[in-house]
Amino acid sequence: MWLIMAVLSALFAGLTSILAKCGIKNTDSDVATAIRTVVVLLFSWVMVLFVGSYNQIAGIEPKSFLFLILSGFATGASWICYFKALSMGDVNKVVPIDKSSTVLTVLLAIICFGETEHFPVKLCCTAVLAIGIFFMVEKKETEKKDINNKWMLYAVLSALFAAMTSILAKVGIAGVESNLGTAIRTGVVLLMAWAIVFLKGKHKQLKEIDHKELRYIFLSGLATGASWLCYYYAIQNGIVSVVVPIDKMSILVTVLFSFLVFHEKLSRKAFVGLCLMVVSTLIMAVFG
């Protein structure tokens, strides 16, 4: 079941990137992130009420609660950086860098949780995954250097925070129902996202959001909520160093839809990189 959930998480995460890109063409990325978080929070708590885990809140241990909050902060930081990068660069270049969090997450999972089974295979696959990511991240000659540096910096920060999220969440949801853990984390992200909007004075832009883009932002929030619920169920019940690479295969969905929607094509080098990422992930999933 946790493998199926990991696959579904990847599917919904891939849709999230495309829907979010459509929603931030003219809308500020921080404002869009804050709105999306409201949708994800509502979605998460509906699921909590549906499964009846809300009565477990009082029983959450302080350690678990602390790590859920910390993972929420890491998630918020990752989101803000990720959607800022998406608003500035091509989907096919931003997403691979964001997915590089897989490399760090797998290594941290081995160190922190002792997931050393098939260690040589996982290590080799992680190295191949890193090479694939390097091949996929290309710069267009027509792009300005200063713009490239900006989107790439945000994408790298997004990956670092995303890796921290997975490790912190694994500790935080120990003994906590996964839907409830997701809802608590999302609450932290919500506070963080809206605090940034108000601190930067961007709340004035809420009245100016295009209704079409608002619909895409709303749909991306639903896709994110579905992805999170599947992902943290898989994290809680499965092997982190296997779940995370599978989840990162959302890049296949992203690449397909970025071609259909934004007409972003892959070069031969980028296609080879994508193949390396897919093969290394599949091997890790089989040996995990």
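Here the sequence shown is numbered in my numbering, starting from 1 and rising by one per residue.
No residue lacks a Cβ here, since even glycine has one placed at the ideal position from N, Cα and C.
All of these numbers come straight from a predicted model, not from anything done at the bench.
Checklist entry - Secondary structure at His263, three-state DSSP: helix, strand or coil? => result coil
Checklist entry - What is the residue span of the alpha helix (DSSP H) that Lys84 lies within? => result Pro62 to Met88
Checklist entry - What did DSSP end up calling Met1 once you bin it into helix, strand or coil? => result coil
Item to check | Minimum C-alpha distance to Ile4 - residue among Val278, Arg268 and Ile235 | outcome: Of Val278, Arg268 and Ile235, the residue nearest in Cα terms is Ile235.
Checklist entry - How about Phe290 and Val240: are their beta carbons less than 8 Å apart? => result Any answer about residue 290 is impossible in this case: the structure gives the chain only from 1 up to 288.
Next on the checklist: For Leu49 and Lys84, I'd like the C-alpha separation in whole angstroms.
Outcome noted: 33 Å
Item to check | Coil, strand or helix - Lys269 by DSSP | outcome: helix
Checklist entry - So does the stretch 193-204 actually touch the stretch 27-46, counting three or more Cβ pairs closer than 8 Å? => result yes
Checklist entry - Hey, out of Ile251, Tyr154, Ser101 and Leu129, whose CA is closest to Ser29's CA? => result Tyr154
Next on the checklist: Can you look up Ile239 in the DSSP assignment and give me helix, strand or coil?
Outcome noted: coil
Item to check | DSSP-derived helix/strand/coil call for Met152 | outcome: Met152: helix per DSSP, three-state reduction.
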